[in-house]
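Structure record follows, encoded as structure tokens.
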Amino acid sequence: MTAVAIDGPAGAGKSTIARRAAREIGFIYVDTGALYRAVGLFMLQQGVDASDARAVTPLLRRVQLTLTFQNGEQKVILCGEDVSGAIRTAEVSMAASNVSAIPAVRDFLFSLQKDIARNNDVVMDGRDIGTVVLPDAQVKIFLTASPEERARRRYEQMIKKGERVDYDDVLSDLKTRDYNDSHRAVAPLVPAAAAVIVDTTGNTLEQSVKQLVAIIKENLQYHK
Ligand code: DC
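Here it is as structure tokens:
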């Protein structure tokens, strides 16, 4: 099976760009952040502090998580319920960032991610895909953009969905998550050694997709 690993910070446009690129090359698109979000949501539902490893770890046994793919669209099923929409709130974002720093959570989600890549050609997006989950991926890309641009994109997305948010809050949340994600002890967010770094600041979505598809195709050819 062939794997394209796409890592990078929150709001770099990874999911939109990676989803489109996957469709163009006929691979399934796997958003691994959704798995951390589902675990975060589960802990919120249980009334547990998502940053408390001792409280979170024993509860993982009860987390039943599956990803399904319909027409290339990923759905997240948590304990029998489709939570694909419910995991997209600001509260769940922060809980996801918190649980993602817990080694037991990362171990728990590691095999799930591995299994999907074992059975499918994937474009997998996350923070540690090229470094930890799929170190043998044929293509590794690190997608980033300036914090202000990433916050602006996220802000516009939320406003479009009818959420009431403040740009400064979005920016400060994003900076907190960046800090957490890149300073945690396990699997911190760093580009893989062989990753192609793509900065999407100032690009339109179309330009970024085009650039990504070109990099993927070029690298896959090289690996044939
Ligand atoms: O990409 P996202 O915003 O949906 O990710 C949610 C959180 O999960 C984010 O704070 C970082 C974490 N995450 C991770 O640690 N490793 C991954 N492979 C994907 C996401």
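Residues are numbered in this note's numbering as their position in the sequence shown, beginning at 1, plus a constant of 364.
Heads up, the beta-carbon is just placed ideally off N, CA and C, and yes, glycines get one too.
Remember, predicted model here, so these are calculated numbers, not experimental data.
Asked	Found
For Q428, name the three-state secondary structure that DSSP assigns.	coil
By DSSP, does K525 sit in helix, in strand, or in coil?	coil
Are the CB atoms of V463 and G404 nearer to each other than 8 angstroms?	yes
Considering only the alpha carbon of each residue, which of L569, D446, T421 lies closest to T432?	D446
Classify R418: buried if its beta carbon has 16 or more other beta carbons within 10 angstroms, exposed otherwise.	exposed
Which whole-angstrom value is the C-beta distance of A376 and T508, which I expect to be below 8 angstroms?	5 angstroms
Can you list, in chain order, the residues of its chain whose CB lies under 6 angstroms from that of I480, leaving out five sequence neighbours each side?	V394
So does A382 have its beta carbon nearer than 7 angstroms to some heavy atom of the ligand DC?	no
Is D533 near the ligand DC, judged by its Cβ being under 7 angstroms from some heavy atom?	no
Tell me whether I493, by its Cβ, gets closer than 7 angstroms to a heavy atom of the ligand DC.	yes
Tell me L442's beta-bridge partners as DSSP assigns them.	L429, E445
Using the beta-carbon count (16 or more within 10 Å), is S475 buried or exposed?	exposed
Please state whether the Cβ-Cβ distance between A465 and R548 is less than 8 angstroms.	yes
From T495, V503, I451, F406, pick the residue whose C-alpha is nearest to that of Q585; which is it?	V503
Run through DSSP, which three-state label would D500 get?	coil
Given 7 angstroms as the limit, tell me if R541 has its C-beta closer than that to any heavy atom belonging to the ligand DC.	yes
Mind checking which residues open and close the beta strand (DSSP E) that includes D471?	Segment 467 to 483 is the alpha helix (DSSP H) holding D471; no beta strand (DSSP E) there.
Tell me M458's beta-bridge partners as DSSP assigns them.	Looking at the DSSP assignment, M458 forms no beta bridge with any residue, so it has no partner.
With hydrogens ignored, establish whether the beta-carbon of A376 is closer than 7 angstroms to any heavy atom of the ligand DC.	no
With burial defined as no fewer than 16 other Cβ atoms inside 10 Å of the residue's Cβ, what is the status of L399: buried or exposed?	buried
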